[in-house]
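There are 2 protein chains.
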Amino acid sequence: MRDEVDDLAEAWARERPDLDLAPVAVFSRLSRLSRHLDLARREAFTAQGIEPWEFDVLAALRRAGAPYELSPGRLLRETLVTSGTMTNRVDRLATRGFVERYPDPEDRRGVLVRLTPEGKEAVDGAFTALLEAERAFLTDLTARQQGDLADLLRKLLAPFS
Amino acid sequence: MRDEVDDLAEAWARERPDLDLAPVAVFSRLSRLSRHLDLARREAFTAQGIEPWEFDVLAALRRAGAPYELSPGRLLRETLVTSGTMTNRVDRLATRGFVERYPDPEDRRGVLVRLTPEGKEAVDGAFTALLEAERAFLTDLTARQQGDLADLLRKLLAPFS
DNA sequence: TCCAACTATCTTGATGTCGAGATATCTCTA
DNA sequence: TAGAGATATCTCGACATCAAGATAGTTGGA
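Line by line, the protein sequences are chains A and B. According to full-length UniProt numbering, the first sequence holds residues 1 to 161 in order. According to full-length UniProt numbering, the second sequence holds residues 1 to 161 in order.
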């Protein structure tokens with residue numbers, strides 16, 4: 001069962017026979033899969049009326065549990081964006097009525113961002129749709145294979161944690 | 001061996017006990033790994049004086065083999081960007097002297113983009129650096145595990161080919 | 001041969017992100 | 001308790017990308 005990455009690796013092997021191309025088989029597939037996953041995410045979210053970046057922020061608040069509030073600093077660390085980006089994102093989410101911003105009573109430099117009921121509803125719907133889309137991706141793998149894959153990815157991810 | 005995704009899944013399980021979260025174990029790790037991989041790529045390329053988007057274009061030309069030329073249309077299909085983006089990328093690569101643009105003798109609408117010797121040198125250096133960085137990621141996996149991982153990813157990728 | 005539909009590329013305007021810097025506040029130590 | 005350094009957030013300008021539309025050239029059927 002050949003795929004597009006086999007073609008890509010073959011082309012490199014022809015052009016650069018001096019190199020060991022073993023990493024390509026893993027990382028090219030990983031990159032491509034990630035891109036397809038992003039597209040599928042976007043599609044699932046569009047049907048729910050939100051964008052991927054909105055989900056990333058709302059989901060972090062939702063996961064935090066009631067009362068669904070975190071600081072911008074915490075949010076940017078959870079979502080791996082810069083502070084300027086998070087300011088902008090919170091602005092737009094507040095305009096949409098999905099979050100509210102108010103001063104942190106414990107730190108006058110700080111701000112807390114809280115999910116509104118509308119935001120909670122939006123993120124819950126989006127997460128359900130996302131899981132459904134992701135499950136469709138996994139149907140070609142047995143439960144055992146899914147577990148093996150998760151374990152292998154965990155090993156690769158370990159150095160970064 | 002717990003990782004950050006276990007924490008994330010646990011938080012979701014606490015908040016949404018009604019959902020089957022199996023896909024999270026695979027896809028959250030995949031997304032995170034992809035992000036770390038992008039950062040590592042950027043770093044490897046920076047040391048070689050080029051940017052990831054430059055590599056994507058130059059590598060497609062390099063893989064094509066001598067005389068290292070492709071149309072913008074072919075390049076945008078290989079790199080999955082829009083035509084406006086490719087116009088801009090080729091402009092900047094031409095300014096840097098890594099590619100040349102000239103009219104397609106067979107189709108007067110068309111253009112061919114060709115790698116210059118400087119571009120070839122740059123992409124060859126960058127690819128070597130990239131493989132080295134990627135190999136470092138894989139040291140925690142046995143050759144057998146690397147093969148298993150590639151096979152599982154190939155299965156997930158198959159529906160898109 | 002003519003024309004409609006298609007293809008290839010480029011242009012333009014909007015958008016989201018980043019990085020650097022500004023401001024306000026807090027914390028720790030001398 | 002004063003001050004230096006750390007921290008939290010926001011502002012602003014630069015930049016890469018995308019989507020839609022413009023332009024030029026090609027192709028196939030009537």
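Here a beta-carbon is modelled for each residue, glycine too, at the ideal position from N, C-alpha and C. On a predicted model such as this, the values are computed, not experimentally measured, just so you know.
Bridge partners - residue i, DSSP secondary structure assignment
i, result
"Val113(B)", "Leu70(B), Arg101(B)"
is_contact[residue i, chain A] using C-beta, thresh 8 Å
i, result
"Gln48(B)", "no"
"Gly65(B)", "yes"
"Glu134(B)", "yes"
"Arg89(B)", "no"
"Lys120(B)", "no"
"Arg154(B)", "yes"
"Ala158(B)", "yes"
"Ala25(B)", "yes"
"Arg77(B)", "no"
"Ala13(B)", "no"
"Glu4(B)", "yes"
"Phe137(B)", "yes"
"Arg62(B)", "yes"
"Leu112(B)", "no"
"Arg96(B)", "no"
"Arg74(B)", "no"
Min CB distance residue i to chain B below 8 Å
i, result
"Thr128(A)", "yes"
"Glu43(A)", "no"
"Ala22(A)", "yes"
"Ala148(A)", "Sequence inspection shows Asp at residue 148(A); the Ala mentioned does not correspond to that position. Chain B contact via Cβ: present."
"Met1(A)", "yes"
"Glu54(A)", "no"
"Glu51(A)", "no"
"Leu58(A)", "no"
"Leu37(A)", "yes"
"Ser83(A)", "no"
"Ser71(A)", "no"
"Leu19(A)", "yes"
"Arg29(A)", "yes"
"Asp140(A)", "yes"
"Leu80(A)", "yes"
"Leu115(A)", "no"
"Arg144(A)", "no"
"Arg16(A)", "yes"
Distance between residue j and residue i (C-alpha atoms, nearest Å)
i, j, result
"Pro23(A)", "Phe55(B)", "17 Å"
"Ser34(B)", "Gly97(B)", "30 Å"
"Val57(A)", "Phe27(B)", "18 Å"
"Leu138(B)", "Glu132(B)", "10 Å"
"Thr63(A)", "Leu115(A)", "Contrary to the premise, residue 63(A) reads as Arg rather than Thr in this sequence. Each residue's Cα considered, the two are about 11 Å apart."
"Leu156(B)", "Arg154(A)", "17 Å"
"Thr46(B)", "Val123(B)", "12 Å"
"Arg144(B)", "Ala25(A)", "13 Å"
"residue 169(A)", "Tyr68(A)", "In the structure as shown, chain A begins at 1 and stops at 161. Residue 169(A) is therefore absent and cannot be evaluated."
"Phe160(A)", "Leu141(B)", "15 Å"
"Thr128(B)", "Leu76(A)", "33 Å"
"Asp107(B)", "Gly84(B)", "20 Å"
"Asn88(A)", "Thr82(A)", "10 Å"
"Ala136(A)", "Leu130(A)", "10 Å"
"Glu4(A)", "Thr79(B)", "13 Å"
"Gly73(B)", "Leu30(B)", "30 Å"
"Leu8(B)", "Leu152(B)", "23 Å"
"Met1(A)", "His36(A)", "20 Å"
"residue 166(A)", "Ala126(A)", "No information on residue 166(A) is available, as it lies outside the stretch 1 to 161 that chain A covers here."
"Ala13(B)", "Leu19(B)", "8 Å"
Enclosing alpha helix (DSSP H) for residue i [first to last residue]
i, result
"Arg41(B)", "22-46"
"Gly65(A)", "Run containing Gly65(A): none; DSSP gives neither H nor E here."
"Ser83(A)", "83-96"
Three-way DSSP call (helix, strand, coil) for residue i in this model
i, result
"Leu141(B)", "coil"
"Asp56(A)", "helix"
"residue 162(B)", "Residue coverage of chain B in this structure runs from 1 to 161, which leaves residue 162(B) outside it and unanswerable."
"Gly125(B)", "helix"
"Arg2(B)", "coil"
"Glu118(B)", "helix"
"Arg16(A)", "coil"
"Arg108(A)", "coil"
"Glu51(A)", "coil"
"Leu80(B)", "coil"
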